[in-house]
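J.: Shown below is the structure under consideration.
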């Protein structure tokens with residue numbers, strides 16, 4: 001059986017992981033998600049993902065608050 005050089009795994013295992021959408025997370029430069037791999041996105045760690053999500057949520061909240069304050073000012077005038 002042909003072995004995949006980058007991860008040391010057998011190709012059949014690699015194919016199975018790709019088919020299920022769970023690529024090799026440890027493999028450097030390769031991506032864990034099939035669709036991610038297709039778009040050549042960076043494989044973020046869980047911590048980075050969570051941080052990114054939190055930042056986005058904070059930003060959204062701030063925007064909503066600002067919009068709400070503007071609406072209140074318009075009602076007062």
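Residue numbers (UniProt numbering): 1 to 77. The beta-carbon is built from N, C-alpha and C at its ideal position, and this holds for glycine as well. Source: prediction; values computed, not measured.
DSSP three-state label for residue 52, please.
T.: Taking the chain shown and counting its residues from 1, one reaches residue 52 at position 52. Reduced to three states, the DSSP call for residue 52 is helix.
J.: Can you give the Cα-Cα distance for residue 63 and residue 69, rounded to whole angstroms?
T.: Residue numbering aside, residue 63 sits at position 63 when the chain shown is read from its first letter. Residue numbering aside, residue 69 sits at position 69 when the chain shown is read from its first letter. Between residue 63 and residue 69, the C-alpha separation is close to 10 Å.
J.: Taking the C-alpha atoms as reference points, what is the distance between residue 48 and residue 71?
T.: The count along the chain shown starts at 1 and reaches residue 48 at position 48. The count along the chain shown starts at 1 and reaches residue 71 at position 71. Each residue's Cα considered, the two are about 35 Å apart.
J.: Taking all protein chains shown into account, do 16 or more other C-beta atoms lie within 10 angstroms of the C-beta of residue 46, making it buried, or fewer, making it exposed?
T.: Locating residue 46 in the chain shown gives position 46, where the first residue counts as 1. Residue 46 comes out exposed.
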